[in-house]
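This report concerns only the one structure given below.
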RNA sequence: GCCCCCAUCGUCUAGUGGCCCAGGACGUGGCCCUCUCAAGGCCAAAACGGGGGUUCGAAACCCCCUGGGGGCACCA
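In the numbering used here, the protein residues as written are 65 to 558.
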């Protein structure tokens, strides 16, 4: 049931790599649930594996969330009453709970060396047994364990999983999941470096931070019963568990891989949030797209602004089956959101894109061309492709490209010069009068309007595809248009 | 190998036993509009993986198979 009581939810990534859309989607759902119920959205960094830490990863997590408008109420940077929010700063807390578990008899110290464990596993595989801890230290008398600890022997703390019976864990989307306890391994909870493993750290933090709903990836399903057992051993009440399906690669075959910039029809794509930003996608489009990958509202509504999502999101409508990433649909959403932008807004977002392409395009100019390109772009960077010529000093089409459709070079040159003369005497190069004038000219020359216009387009813009000819000429300016037409005629004469 | 999850058009999905010879969206094809490219409008093709049950009635419930995915670390 989607709660009406304030939900406290957390997004708890590990700073071990780049921030991809799978994680971001989980964060989105967390955020929506918190905002809808008037609860809190918490960012917690799970950095207990020192070896896998990637510098800058934490910053990328935050930058990605901010870009998409997923602001958190509590976190490493903003603080909060349940902090610290970085697990590496909470080691003492986990150690205390590990001790408690040992006292309770639900966990035990294990002194086995990594070498012994590796060998054990190897032998088990040879015997075609599932790899699992063989329980050597589980059978140690507490007094002996204590003595070895006092002697300073290196050890970990393992969970003492029940020998028989079954454990049932309830997932909101899948219902009860029951497993034989004999299949639950004696997992390590606290490593010999004193830092916890996920199985302990996440359970402790979720409880201490008052988390009401745990939304996480379905990769955790296999260890879900273990988690429930840990929580119960500590005597805590469980949160509502929601396991979100993973994303599949665009073909639907195989998991979306971490290093995947697949080449779809529109060009290179990326599964990383910040790459999407740099590729010219709008955050509102990415949010809408992501929200619909695993969640739906009804049988027809697809456009959702963040406010709509906050209002309409519900856990019940989450889909338990895996979804393939569909970048083409992202393009579609992006096109719609782009077209909905005002001239000023579009110009503002285009500024950095043109700058990055090395083109000097001031805000005022961008506002003026916005109406001409809005309907022609799906991503912001396509604007450079279609309208970059506006900001280049010279256009130099090849003589070959300047020959009109079904025309000779000479006829093309003549048409260009004839058009130049008419445009020279026009008062308004963007107006209907000139258009009529040139249509008449085309008829006089025995040309289709499209042939003449195509010729002019190539001469003025240097490209076969552009915004509508007359708006384009108006923006380029009469003198420049005339100069370019003369230059084109020259090129054709050679 | 063992454990767990999932299963409707190519893709995202609606569907909670009769409203479904299955609806929407993207994509695809065609037509219209049109100075190019888009945008827009109209139309079309396209799915309940297979087999058993349950039921007066199954896309929906149960079982098996198949397929897909995930997991089996002192990673998360």
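Cβ coordinates follow ideal geometry from the N, Cα and C atoms, glycine included.
Item	Value
Does the distance from the C-beta atom of residue 398 to that of residue 359 stay below 8 Å?	no
Going by beta carbon distance, what residues of the same chain come within less than 6 Å of residue 300, once the five residues before and after it are set aside?	271
Is residue 323 helix, strand or coil by DSSP?	Reliability of the predicted coordinates at residue 323 is poor, the pLDDT of 49 falling under 50, and the value obtained from them is presented with this limitation in mind. In this structure, residue 323 counts as coil in the three-state DSSP scheme.
So, helix, strand or coil for residue 75, using DSSP?	strand
If you draw a straight line from the C-alpha of residue 82 to the C-alpha of residue 144, how long is it?	26 Å
If I'm right that residue 507 touches residue 497 with Cβ under 8 Å, what's the distance once you round it to whole angstroms?	Actually they do not touch by this definition, with Cβ atoms about 16 Å apart.
Alpha carbon to alpha carbon, what distance is there between residue 141 and residue 131?	16 Å
Could you compute how far the alpha carbon of residue 242 sits from the alpha carbon of residue 209?	33 Å
With residue 172 as the anchor, note down where its beta strand (DSSP E) starts and where it stops.	171 to 174
On the premise that residue 151 lies in contact with residue 110, defined as a C-beta separation below 8 Å, what is that separation, rounded to the nearest angstrom?	5 Å
How is residue 408 classed by DSSP in three states: helix, strand or coil?	helix
On the DSSP bridge assignment, give the partners of residue 307 in chain order.	280
Could you tell me the boundaries of the beta strand (DSSP E) in which residue 112 lies?	Where residue 112 is concerned, there is no enclosing beta strand (DSSP E), given that its DSSP letter is neither H nor E.
Going by C-alpha to C-alpha distance, which of 387, 78, 431, 253 sits closest to residue 173?	253
Tell me the DSSP secondary structure of residue 456 in three-state form.	coil
If we ignore side chains and look at the alpha-carbon of each, how far apart do residue 261 and residue 307 end up?	19 Å
Using the three-state DSSP reduction, which class does residue 220 fall into: helix, strand or coil?	strand
How about residue 231 and residue 248: are their beta carbons less than 8 Å apart?	yes
Could you tell me the boundaries of the beta strand (DSSP E) in which residue 151 lies?	Premise fails: residue 151 is in no beta strand (DSSP E) and is neither H nor E.
Please go through the same chain and pick out, in chain order, the residues whose beta-carbon is closer than 8 Å to the beta-carbon of residue 389, but skip the five residues on each side of it.	85, 311, 312, 313, 314, 320, 335, 357
Between which two residues does the beta strand (DSSP E) carrying residue 249 extend?	Where residue 249 is concerned, there is no enclosing beta strand (DSSP E), given that its DSSP letter is neither H nor E.
Between residue 417 and residue 474, what straight-line distance do the alpha-carbon atoms span, to the nearest angstrom?	40 Å
Assuming residue 221 and residue 162 make a contact with CB atoms under 8 Å, what is their CB distance in whole Å?	4 Å
Determine the contact status of residue 180 and residue 250, defining contact as a CB-CB distance below 8 Å.	no
Please state whether DSSP places residue 375 in a helix, a strand or coil.	helix
Could you spell out where the alpha helix (DSSP H) holding residue 484 opens and where it closes?	473 to 488
In terms of residue numbering, what span does the beta strand (DSSP E) encompassing residue 239 cover?	239 to 244
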